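The structure appears right after this line, and notes come after that.
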Amino acid sequence: MDGQRNRLHRLLVWLGDRVKWVWKSRYDLAVLILGAMLVYLIFENREGQTTLLILLALSLVASRWNDVVKIGFGGFTAEMQKELAETTELVKKLRSVTKVVAEALVETIQFSGRWGGMPEERKDAFFVKLRGLLLELETPEVEIAEAFSKAEAFIRLDYSSYIRAAMSSENKDRFDAYFPSRSLGNEPSPDEIRHFLATLDEKSDEVNQRLEDYKFYCENKKHRRPELWARRYK
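Residue numbers (the working numbering): 136 to 369.
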């Protein structure tokens, strides 16, 4: 009997704590619920958006009432204006990123099916612009590197093919036999290709120059001879 009473007591205490938390957080919960409803009305183009916006503003002020009391209404207004300005600036930057991505997608679709695809200078321009916008958004370098890793993998694979294209037919066959698994995600490195070239009797200055191009790209993430790289398919 005592065990049942203890369990009932603990349950009532737990429920009481939950009710206190809900009451304490009632304005925060109201902000979340009203915000979700406002987003729904906007997307569905329904009436009542103005009323909900007013209720959302009142709930937001109520949820920060302790801050209003602490720093005064004038200070609170200044703080909210600062946060609003920062949010507006963030939205502008996100719109810029979206615009660049949209432009890239549109041009990619437009160039699909055309021989050679998008010109190299356009690709490089998009990458430079997008990287700059990500830096403005204070995106960590690690995340930027991850975002561009797939494109860089394609370029590394293209460089291995670019080097192979300057070889004689016999050495092309040897190259394929030496790197049987060459593919996206399994691109031979400049050092690996250098080791392969050391096994050949035939020496080619152009092959060596292209290998230097590849090494330069891996180290600097830009092309050593961009004008030749842009014409690699011609």
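Ideal Cβ placement from N, Cα and C applies to all residues, glycine included. Computed from a predicted structure; not experimentally measured.
Using a 10 Å radius around the Cβ and a threshold of 16 neighbouring Cβ atoms, would you call Ser-247 buried or exposed? Below a pLDDT of 50, predicted positions are generally treated as unreliable, and Ser-247, at 48, falls in that range; the measurement from the model is reported next regardless. Exposed.
Leaving out five residues on either side along the sequence, give the residues of the same chain with a beta carbon under 6 angstroms from the beta carbon of Leu-363. none
Chain-order list of residues whose beta-carbon lies under 7 angstroms from that of Gly-209 (same chain, five-residue window excluded): Here Gly-209 scores only 49 on pLDDT, less than 50, and its place in the model is too uncertain to base an answer on.
Out of curiosity, what's the CA-to-CA distance linking Tyr-294 and Leu-269? 27 angstroms
What residue does the alpha helix (DSSP H) around Asp-336 start on, and which one ends it? First-last for Asp-336: undefined, no H or E at that position.
Need the endpoints of the alpha helix (DSSP H) that Pro-361 sits in, please. 361 to 365
Please state whether the Cβ-Cβ distance between Arg-345 and Tyr-313 is less than 7 angstroms. By the CB criterion at 7 angstroms, Arg-345 and Tyr-313 fall outside the cutoff.
How should Asp-348 be labelled, buried or exposed, when 16 other C-beta atoms within 10 angstroms of its C-beta is the threshold for buried? buried
Lys-356 versus Gly-267: straight-line alpha-carbon distance, rounded: 15 angstroms
May I have the straight-line CA-CA distance separating Lys-338 from Arg-360, to the nearest angstrom? Each residue's alpha carbon lies about 21 angstroms from the other.
Rounded to a whole number of angstroms, what is the C-alpha to C-alpha distance between Asp-259 and Ile-279? The straight-line gap from Cα to Cα measures roughly 15 angstroms.
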